[in-house]
Amino acid sequence: MVATAAVVGVLWQLPLTVGPFLVGRAIDEGVLAHSASATLYWSGLLLAVTVVGAVFGILMHTFVVRSWLIALYGTTLMVTRKAAQLGHVLPRRTPTGEVLSVSGSDADEFGGLTEITARAFSQLVAYLAVAAIVLATSPPLGLLVLLAAPVLVAVALPLLRPLHRRQAVERQRTSTLTSLATDIVAGLRVLRGIGGEDTFGRNYAAQSQLVRQAGVGAGIWQAAIEAVGVLFSGCFVVLLMYTGAKAVEAGTLSVGELVSFLGYGLFMVGPIRTFFEFAQKLTRSLVSARKAVAVLEQTPPWTAPATAASLPRDADLVDESTGFVATPGLLTVVVSALPESSAELADRLGRWLPLEEEPPPLIEETPAAVAGGPAPSAASAEPGSPPRTPSAPRAPGA
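In our numbering, the protein residues as written are 445 to 842.
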């Protein structure tokens, strides 16, 4: 789907690729030569090219939205399958907020990457086509157009590394904030019973401020990259027009060709900005991909037998520890003075692992000082840092 959108996008860029050339020929052969037929001819070609670009622009948007939704909901589907596969093991290995962030915000990042990939490829082809046209018209100006984008990308590359670091911090703190929210909701009855709403509300507000600060830090570097793109794009257009005007004055370039170069100079701003946007979204997607892989690569702790046993469909469920028997088709109610006993019975019947048999976590924690990791507990929290809300007791199967 991304490849199809990229191919369609090449035709979507057709008016911007050959449009300035057609305008220049209409000026030289029609307007300056006082030829109405030539003016109508080149204007008709420009109209036809514009209609083709409009049609394929609609198709491009359709394919891009479809690929975006496939990536978004495909990620959500994989996370859902992993949650169903691991069951109660998943929240014991990975914070709930981390899973929700992968299914929500990270999935959207993957969708945005598919969109910008198709658009960047189509504009790269258009960029090369424009470079070929201007090289055939004027080699010095063609080289200027051809070298502009690589130079601008090279200037922005040093800014991508700090942007990547701050986006990773923002992503980690957002996950921590989501985990804090889910813990508060899960233990809301306990919090109301002990009067802890205000305390944990302040903790949530403090953590949300950390997320805001991380977002501002990432936004500063992203704005710096955007500013560099706008500044150097403007300098490129000015330099191109100055060189073109000098060529017209020397007689090596016609007025129509100068107008074409002006159109191509304005057009080249678009691909350059798209290349910057692609670098930014690729950086964000790499951060999200590491988090998603850490969740999706987990394997269930159960070991499958070498040969699957054939089990009867209507057999009784028997608990060897207590001698309890559940007969199929018969409603059975278990009453226990200790809720933990009935919970353990449900765990054994459902073949869930007891807590002491859980495997160690598979995800390495990122240092909080570096990546804004989970807030320390109330016992070990530093002054001014919000303690992490304890999770409410989980019911079997929760």
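Just so you know, even glycine gets a beta-carbon here, dropped at the ideal spot from N, CA and C.
Distance between residue j and residue i (C-alpha atoms, nearest Å)
{"i": "L503", "j": "A576", "result": "27 Å"}
{"i": "L702", "j": "A667", "result": "33 Å"}
{"i": "G659", "j": "V589", "result": "35 Å"}
{"i": "V454", "j": "L476", "result": "32 Å"}
{"i": "G773", "j": "S785", "result": "24 Å"}
{"i": "L730", "j": "R469", "result": "46 Å"}
{"i": "A447", "j": "L557", "result": "13 Å"}
{"i": "Y708", "j": "Q567", "result": "13 Å"}
{"i": "L697", "j": "L710", "result": "18 Å"}
{"i": "A736", "j": "S704", "result": "47 Å"}
{"i": "V672", "j": "A612", "result": "22 Å"}
{"i": "G548", "j": "S754", "result": "40 Å"}
{"i": "V509", "j": "E559", "result": "8 Å"}
{"i": "L521", "j": "H505", "result": "24 Å"}
{"i": "L489", "j": "L706", "result": "20 Å"}
{"i": "A527", "j": "T540", "result": "11 Å"}
{"i": "S487", "j": "A694", "result": "28 Å"}
{"i": "S652", "j": "P606", "result": "22 Å"}
{"i": "G663", "j": "I669", "result": "10 Å"}
{"i": "Q657", "j": "L683", "result": "39 Å"}
{"i": "L740", "j": "L491", "result": "51 Å"}
Closest by C-alpha distance to residue i, when choosing among the options
{"i": "T581", "options": "L710, T538, G488, P464", "result": "P464"}
{"i": "A551", "options": "A480, A528, T519", "result": "T519"}
{"i": "L654", "options": "T626, R615, A671", "result": "R615"}
{"i": "V599", "options": "H532, R609, F676, D642", "result": "F676"}
{"i": "L621", "options": "I560, P606, N647, L587", "result": "N647"}
{"i": "A450", "options": "A480, L489, F500", "result": "F500"}
{"i": "L572", "options": "L460, S487, G767", "result": "L460"}
{"i": "G767", "options": "P756, L793, D758, P783", "result": "L793"}
{"i": "A738", "options": "W746, G474, S545", "result": "S545"}
{"i": "P583", "options": "A691, S732, E741, D763", "result": "A691"}
{"i": "M712", "options": "E721, G700, S780, F680", "result": "F680"}
Counted within 10 angstroms of its Cβ, other Cβ atoms place residue i as buried (16 or more) or exposed
{"i": "W456", "result": "buried"}
{"i": "K725", "result": "buried"}
{"i": "P602", "result": "exposed"}
{"i": "R411", "result": "Absent from the structure is residue 411, since the part of the chain shown begins at 445 and ends at 842."}
{"i": "P535", "result": "buried"}
{"i": "I471", "result": "buried"}
{"i": "E553", "result": "buried"}
{"i": "Y686", "result": "exposed"}
{"i": "I716", "result": "buried"}
{"i": "V452", "result": "buried"}
{"i": "T626", "result": "buried"}
{"i": "V762", "result": "exposed"}
Residue i in three-state terms, based on DSSP
{"i": "L425", "result": "Only positions 445 to 842 of the chain appear in this structure, which leaves residue 425 out of reach."}
{"i": "A770", "result": "strand"}
{"i": "L761", "result": "strand"}
{"i": "R734", "result": "helix"}
{"i": "E741", "result": "coil"}
{"i": "L755", "result": "coil"}
{"i": "G531", "result": "coil"}
{"i": "M685", "result": "helix"}
{"i": "Q457", "result": "coil"}
{"i": "L476", "result": "coil"}
{"i": "L557", "result": "helix"}
{"i": "T520", "result": "helix"}
{"i": "T538", "result": "coil"}
{"i": "T696", "result": "coil"}
{"i": "V814", "result": "Its pLDDT being 34, under 50, V814 is placed unreliably by the model, and nothing is read from it."}
{"i": "P749", "result": "coil"}
Neighbourhood of residue i by C-beta distance below 7 Å, restricted to the same chain and skipping five residues each side
{"i": "E788", "result": "none"}
{"i": "L458", "result": "V493, V496, G497"}
{"i": "P805", "result": "Caution applies to P805, whose pLDDT of 45 falls short of 50 and renders its modelled position unreliable; the model cannot decide the point."}
{"i": "L604", "result": "A723, T727"}
{"i": "A752", "result": "none"}
{"i": "T412", "result": "Since the displayed the chain opens at 445 and closes at 842, residue 412 lies outside it and no answer follows."}
{"i": "P744", "result": "Q529, L530, V533"}
{"i": "T776", "result": "A770"}
{"i": "V462", "result": "V493"}
{"i": "V578", "result": "L585, G586, V589, F705, Y708"}
{"i": "V595", "result": "none"}
Beta-carbon contacts of residue i that lie in its chain and below 6 Å, excluding the five residues immediately before and after
{"i": "E542", "result": "S619"}
{"i": "G661", "result": "R610"}
{"i": "A482", "result": "E473, G474"}
{"i": "V879", "result": "Here the chain comprises residues numbered 445 to 842, so residue 879 is not present and cannot be evaluated."}
{"i": "H608", "result": "T727"}
Residue i Cβ short of 7 Å to the ligand ZN heavy atom set
{"i": "Q653", "result": "This structure lacks the ligand ZN; in fact it carries no ligand of any kind."}
Residues near residue i by beta carbon distance below 8 Å, same chain, minus five either side
{"i": "S511", "result": "M445, V446, A449, G555, T558, E559, A562"}
{"i": "R734", "result": "none"}
{"i": "V814", "result": "Any reading at V814 must be qualified, since the residue scores a pLDDT of 34, below 50, and its modelled position is unreliable; the value itself is stated next. Around V814: V613."}
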